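Going by my numbering, the first residue of the sequence shown is number 1, and it counts up by one from there. Backbone N, C-alpha and C define an ideal beta-carbon position, used for all residues, glycine too. Note that the structure is a prediction, hence the values are computed from the model and not measured.
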Amino acid sequence: MTKDQERGTEVFHEIPDEKAENPLCGNLMGAVFGAPIEFQEQSLRQPGVPHVLVVLIQKLESLGISSADLYTDSPMSLSLYTKMHLINTYPIDDLVRMRPDIFKDPGDLTGLILCYVKLLPRRLIEGIGK
Numbered sequence: 001m002t003k004d005q006e007r008g009t010e011v012f013h014e015i016p017d018e019k020a021e022n023p024l025c026g027n028l029m030g031a032v033f034g035a036p037i038e039f040q041e042q043s044l045r046q047p048g049v050p051h052v053l054v055v056l057i058q059k060l061e062s063l064g065i066s067s068a069d070l071y072t073d074s075p076m077s078l079s080l081y082t083k084m085h086l087i088n089t090y091p092i093d094d095l096v097r098m099r100p101d102i103f104k105d106p107g108d109l110t111g112l113i114l115c116y117v118k119l120l121p122r123r124l125i126e127g128i129g130k
């Protein structure tokens with residue numbers, strides 16, 4: 001395993017196959033997408049809810065978006081994978097402050113939310129099949 005793989009900072013130049021193991025997660029230290037909820041930073045305002053999920057939803061709501069079709073399954077873009085990698089690598093609050101452009105596209109925000117839930121190692125709600 002390389003040092004980048006150990007840190008979860010390895011850059012991938014190809015979009016992974018949907019059925020393949022999630023290469024964006026890396027290890028659990030600092031990882032978001034694909035990491036168990038119990039290992040992630042929790043929201044101070046909403047205990048039990050991952051902070052990253054609260055931030056993504058707040059950013060989407062701040063754009064005034066209310067279209068239901070934003071939350072439907074859409075193809076993954078390379079920019080979405082880049083954003084996932086950045087969120088897995090750096091604290092989301094730092095990204096919001098230093099790279100606000102990452103959170104401007106409502107389609108990517110909903111894609112990030114969908115990917116976050118889809119890549120959880122265990123179902124968020126029991127009884128819902130994959």
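Quiz item: Residues in its own chain within less than 8 Å of Val54 by CB, not counting five upstream and five downstream?
Solution: Position 54 of the sequence shown holds residue 54. Counting only Cβ-Cβ distances below 8 Å, and skipping sequence neighbours, we find Ser43, Arg45 and Gln46.
Quiz item: Is Gly34 closer than 7 Å to Leu95 when the C-beta atoms are compared?
Solution: The residue given as residue 95 occupies position 95 in the sequence shown. The residue given as residue 34 occupies position 34 in the sequence shown. Result no, Cβ atoms of Leu95 and Gly34 do not sit closer than 7 Å.
Quiz item: For Thr82, which option in Arg122, Arg97 and Leu109 has the closest C-alpha, if you only look at C-alpha atoms?
Solution: Stepping through the sequence shown from its first residue, residue 82 is reached at position 82. Out of Arg122, Arg97 and Leu109, Leu109 has the C-alpha closest to the C-alpha of Thr82.
Self-check item: When His85, Arg97, Glu41 and Glu38 are compared against Lys146, the one with the closest alpha-carbon
Solution: An answer regarding residue 146 cannot be provided, because it is not within the stretch 1 to 130 covered by the chain.
Quiz item: Secondary structure at Glu10, three-state DSSP: helix, strand or coil?
Solution: Indexing the sequence shown from 1 puts residue 10 at position 10. With a pLDDT of 47 at Glu10, under the threshold of 50, the modelled position of that residue is not reliable, and the figure given next carries that caveat. Reduced to three states, the DSSP call for Glu10 is coil.
Quiz item: How is the alpha helix (DSSP H) around Pro106 delimited, first residue to last?
Solution: Numbered from 1 along the sequence shown, position 106 holds the residue referred to as residue 106. Segment Pro106 to Lys118, the alpha helix (DSSP H) holding Pro106.
Self-check item: Helix, strand or coil at Pro121 according to DSSP, with G and I counted as helix
Solution: In the sequence shown, counting from the first residue as 1, residue 121 sits at position 121. In the structure shown, Pro121 sits in coil (DSSP, three-state: anything other than H, G, I, E or B).
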